[in-house]
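Asks:
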Amino acid sequence: MDDSCAVCAEVLEWVAYGACGHREVCSTCVARLRFICDDRRCCICKTESSVVFVTKALGDYTRMINDFSVFAI
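Count the sequence shown with my numbering and you get residues 3 to 75, in order.
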């Protein structure tokens with residue numbers, strides 16, 4: 003994960019992500035795609051998500067959480 007949005011290249015402050023977990027796109031771009039373009043797919047992998055979560059981008063800490071599997075059995 004870079005510290006800039008994969009769509010608009012602005013610094014990531016807030017990210018929105020779906021079931022696939024990609025956090026490389028800012029919440030503004032995700033909102034524009036979902037509400038203006040009616041596109042509910044991930045910009046990275048094209049997985050469709052009916053729901054997205056918005057969270058503060060935390061740089062390396064966010065990356066560490068993504069790599070840590072809490073629910074691994």
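Where a beta carbon is used, it is the ideal one built from N, C-alpha and C, also for glycine.
For SER6, which residues in the same chain have their Cβ closer than 7 angstroms to its Cβ, ignoring the five residues on either side in sequence?
Replies: Indexing the sequence shown from 1 puts residue 6 at position 4. Taken in chain order, the residues that qualify are GLU12, VAL13, LEU14.
Asks: Identify, in the order they occur along the chain, each residue of the same chain with its Cβ nearer than 8 angstroms to the Cβ of ALA33, setting aside the five sequence neighbours on each side.
Replies: Here the question's residue 33 lines up with position 31 in the sequence shown. Closer than 8 angstroms at Cβ, skipping near neighbours: ALA18.
Asks: Among the residues of its own chain, which have a CB less than 6 angstroms from the CB of ARG43, if the five just before and after it don't count?
Replies: Taking the sequence shown and counting its residues from 1, the one referred to as residue 43 is at position 41. Hits under 6 angstroms: GLU50.
Asks: Which of the three DSSP states is assigned to THR122 in this structure?
Replies: Residue 122 is absent from the model: the chain starts at 3 and stops at 75.
Asks: Is VAL27 near CYS45, with beta carbons less than 8 angstroms apart?
Replies: Here residue 27 is taken as the residue at index 25 of the sequence shown, counted from 1. Here residue 45 is taken as the residue at index 43 of the sequence shown, counted from 1. Yes, these two residues count as a Cβ contact at 8 angstroms.
Asks: What three-state label does DSSP hand ALA33 in the structure shown?
Replies: Position 31 of the sequence shown, counting from 1, holds the residue named residue 33. Here ALA33 sits in helix by DSSP.
Asks: Tell me which residue opens and which closes the beta strand (DSSP E) that VAL95 is part of.
Replies: Absent from the model: residue 95. The displayed extent of the chain is 3 to 75, so no value can be given.
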